[in-house]
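K.L.:
If you count by this note's numbering, then the sequence shown holds residues 269 to 783, one letter each, in order.
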Amino acid sequence: MQYITDAREAKEIDRMSIEEIGIPSMVLMEKAALAVAACVKANAEPGSHVVAVCGMGNNGGDGVAAARLLWEDGFLVTICLIGNEEHASEEMKKQLAIVRKLGLHICTGLPSGEYDVILDAIFGIGLSREIAGEFADAVNWINEQDALRFAVDIPSGVNATTGEILAVAAAADFTITFGTNKRGIVLFPGCNYAGTVIVSDIGFPKKAVEEIRPRAYTLTRQDAMELMPPRILRSNKGSYGKVLVIAGSAEISGACYLCAAAAGRMGSGLVKVFTAAENSTVIRTRLPEALVATYDSTLDYSQPENRLELSGRLQEEIKWASCIVIGPGIGTKEPAGILLTEVLKEKNKAIVIDADGLNVLSGKDEYFVEREDGTRKLALSANVVLTPHLQEMTRLTRFELPLIRTRIVDQALLALECANGQTLVLKDARTVVTDGGEVYINTTGNNALSTGGTGDVLTGMIAGLLAQGMRPKRAAVLAVCLHGIAADEYVRDRGGRYSMIASDLLDMLPQILPK
């Protein structure tokens, strides 16, 4: 697990390390400078001409110190100061005093001439206002240069918490960030400006990080492999759970196939599809491993006897299952509402609600708490996993779409403000998973996933893990991570970003899961 800090958490780790634990700030600054210099030396030609564009805060001090170290190693170095030196931080003043004694070239205002390497050290993680004036001019100058660009801690102009661009931002080829990764360069659009991110250990004590306990984290591939549920030697199909997939309608068959197949590929012992009778042949042919139960989609479900008969049949299927999926391809007309209402009566078995299930849910006010501003909090039980994309999230919560897009972590937490431990999988280019406590931010996957059916595969993957006894949030986190890894490896080894379809993910799962 790797922590991802917001601006407040990162500043608090820094403060605690210095003020409470006693590590001198100049020691941390020197170690930060060493990390920046090492990255430059690993990627630039020896003796390259370097300009360090430095603001007056400690980020600028990091840049000045890194420039000095590169100068000591034979690089041609210019230090360009942006801002009023009278307002420089104490550490920045000390770093400037050192380089002046050594005779490094220092200028003020925008640099002139051509450079091979640029160090962006104008603003760090503390920036919260829009960049303007000479600072904006400096950022624009950086972006115009044909040079290797290295951001110190974070690209100037990126909000370290949200990833928003504060008027303008400097685009980097490499970002050397200190101690922990930052939300602003993991989330979009900030990650578009970060280039390759190197997280460098500069000596923040573990005690400081653990006491702050950053709320967000991500997983490595190794983490994901270690989270997989165990396979025991003496076992049978009943040992790994039963997934009931309530999916598909008379017009849609692919969603239930993809979801059910993914549940099986993730290791569940048995999968049963409960679907419209029109889908029976497709499922039995494409997925002979699955059990199939059907309902008559031609009946009038406004009639009490038909509703009662369907509810009774579904109750029997729910009794059979270890976990339940509802939503992919079921449509929003009846009997979708009847099916969802029946499923939500179940309080003990894990339930995954996706796609049309979410759209039907959004019309059932009894599962929400309304705020004075008209937005809504989710109010389901702890056994439920919801998997909305951003548009579905707006229907559920009535949050504005642009706000969800720019503040995805905050909005996910706000939606669960009064929840009872349910899990939310908010799907975007950086999918967020939370139960209202810690927040997982997914860093796997790519835009090959932007094709129909990939969400159905993810839902089935979550269900397959739930059937094996994983807790809802952990199952959702692991499935999201593996879903992205499958797409990454497909793009790397198979067909590229243009040609992948959802069923290709099913083929990739045996390749990425532990043997």
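C-beta: ideal position from N, C-alpha, C; glycine also.
All figures in this text were calculated on a predicted structure; none of them were measured in a lab.
Between which residues of its own chain and Asp564 is the CB-CB distance below 7 Å, once the five residues before and five after are set aside?
P.N.:
Spatial neighbours of Asp564 in its own chain (CB-CB distance under 7 Å, excluding positions within 5 residues in sequence) are listed in chain order as Ala545.
K.L.:
Which partner residues of Thr543 appear in the DSSP bridge assignment?
P.N.:
Thr562
K.L.:
Could you check how far apart the C-beta atoms of Leu777 and Ala754 are, in whole angstroms? I think they sit under 8 Å.
P.N.:
With 8 Å as the limit, Leu777 and Ala754 qualify as a contact, their Cβ atoms being about 6 Å apart.
K.L.:
In this structure, how does DSSP classify Arg675 when only helix, strand and coil are distinguished?
P.N.:
coil
K.L.:
With DSSP collapsed to three states, give me the class of Ser468.
P.N.:
strand
K.L.:
At 3 residues or longer, what runs of the beta strand (DSSP E) sit wholly inside the stretch 614–647?
P.N.:
Taken in chain order, the complete beta strand (DSSP E) segments of 3 or more residues contained in the stretch 614–647 are 618–621, 636–638, 644–646.
K.L.:
Tell me Tyr508's beta-bridge partners as DSSP assigns them.
P.N.:
DSSP lists no partner for Tyr508.
K.L.:
Apart from the five residues just before and just after Ala743, which ones in its own chain have a Cβ nearer than 6 Å to its Cβ?
P.N.:
Ile730, Leu733, Leu734
K.L.:
Should Val787 be labelled buried (16 or more other beta-carbon atoms within 10 Å of its own) or exposed?
P.N.:
Residue 787 lies beyond the stretch modelled for the chain, which goes from 269 to 783, so this question has no answer here.
K.L.:
Under a Cβ-count criterion, where at least 16 other Cβ atoms within 10 Å of its own Cβ denotes burial, should Trp339 be classed as buried or exposed?
P.N.:
buried
K.L.:
What's the gap between the Cα of Ser380 and the Cα of Val304?
P.N.:
23 Å
K.L.:
Along the chain, which unbroken stretches of the alpha helix (DSSP H) at least 4 residues long are found entirely within the stretch 272–333?
P.N.:
275–283, 293–311
K.L.:
Which two residues bound the contiguous beta strand (DSSP E) that contains Ala389?
P.N.:
Per DSSP, Ala389 belongs to the beta strand (DSSP E) from 385–389.
K.L.:
Quick one: what's Phe446 bridged to in DSSP?
P.N.:
Ser468
K.L.:
Answer yes or no: do Ala650 and Gly705 have a C-beta to C-beta separation smaller than 9 Å?
P.N.:
No, these two residues do not count as a Cβ contact at 9 Å.
K.L.:
Please report the residue range of the alpha helix (DSSP H) in which Ala484 lies.
P.N.:
Segment 484–486 is the beta strand (DSSP E) holding Ala484; no alpha helix (DSSP H) there.
K.L.:
Give the secondary structure of Glu270 by DSSP, where H, G and I count as helix, E and B as strand, and everything else as coil.
P.N.:
Checking the sequence shown, residue 270 turns out to be Gln, not Glu. Strand at Gln270.
K.L.:
My output table needs one value for Val693: the three-state DSSP class, helix, strand or coil.
P.N.:
strand
K.L.:
Using the rule of at least 16 other Cβ atoms within 10 Å of the residue's Cβ for burial, across every protein chain shown, is Met269 buried or exposed?
P.N.:
Exposed, because fewer than 16 other Cβ atoms sit within 10 Å of the Cβ of Met269.
K.L.:
Within a Cβ cutoff of 6 Å, which residues of the same chain sit near Leu654, ignoring the five residues on either side of it in sequence?
P.N.:
Ile621, Leu692
K.L.:
What are the start and end residues of the alpha helix (DSSP H) that includes Phe343?
P.N.:
Where Phe343 is concerned, there is no enclosing alpha helix (DSSP H), given that its DSSP letter is neither H nor E.
K.L.:
Report the rounded CA-to-CA distance for Leu578 versus Thr727, giving the unit in angstroms.
P.N.:
24 Å
K.L.:
How would you label Thr699, buried or exposed, when you count the other beta carbons within 10 angstroms and need 16 or more for buried?
P.N.:
buried
K.L.:
Would you identify the three-state DSSP class for Ile753, choosing helix, strand or coil?
P.N.:
In the structure shown, the three-state DSSP call for Ile753 is helix.
K.L.:
Helix, strand or coil: which one does DSSP assign to Leu418?
P.N.:
One detail in the question is off: residue 418 reads as Phe in this sequence, not Leu. If DSSP states are grouped into helix, strand and coil, Phe418 belongs with the strands.
K.L.:
Assuming Leu654 is part of the beta strand (DSSP E), what are its boundary residues?
P.N.:
652–654
K.L.:
Taking the alpha-carbon of Thr712 as reference, which of Asn326, Arg489, Ile390 has the nearest alpha-carbon?
P.N.:
Arg489
K.L.:
Excluding the 5 residues flanking Thr609 on each side, which residues of the same chain have their C-beta closer than 6 Å to its C-beta?
P.N.:
none
K.L.:
Have a look at Arg644 and Met496 and give me their C-alpha separation to the nearest angstrom.
P.N.:
34 Å
K.L.:
So for Ile374, helix, strand or coil by DSSP?
P.N.:
strand
K.L.:
Compare the beta carbon distance of Leu799 and Gly721 with 9 Å and say whether it is the shorter of the two.
P.N.:
The structure shown does not extend to residue 799, since the chain is modelled only from 269 to 783, so the question has no answer here.
K.L.:
Starting from Thr702 and walking both ways along the beta strand (DSSP E), at which residues does that stretch end?
P.N.:
Unbroken beta strand (DSSP E) run through Thr702: 700–702.
K.L.:
Contact between the stretch 353–368 and the stretch 433–449 is defined here as three or more beta-carbon pairs at a separation below 8 Å; is this criterion met?
P.N.:
The answer is no - the stretch 433–449 does not touch the stretch 353–368, with fewer than three Cβ pairs under 8 Å.
K.L.:
My guess is that Cys322 and Ile390 are in contact by the Cβ rule of under 8 Å, so how many angstroms apart are they, rounded?
P.N.:
Yes, they are in contact, since the Cβ atoms of Cys322 and Ile390 sit about 7 Å apart, within 8 Å.
K.L.:
Got a sec, what are the start and stop residues for the beta strand (DSSP E) Ile410 sits in?
P.N.:
For Ile410, there is no enclosing beta strand (DSSP E); the residue is part of the alpha helix (DSSP H) that begins and ends at 401–412.
K.L.:
State the CB to CB distance for the pair Gly737 and Gly509, rounded to an integer number of angstroms; the pair is presumed to be in contact (CB under 8 Å).
P.N.:
7 Å
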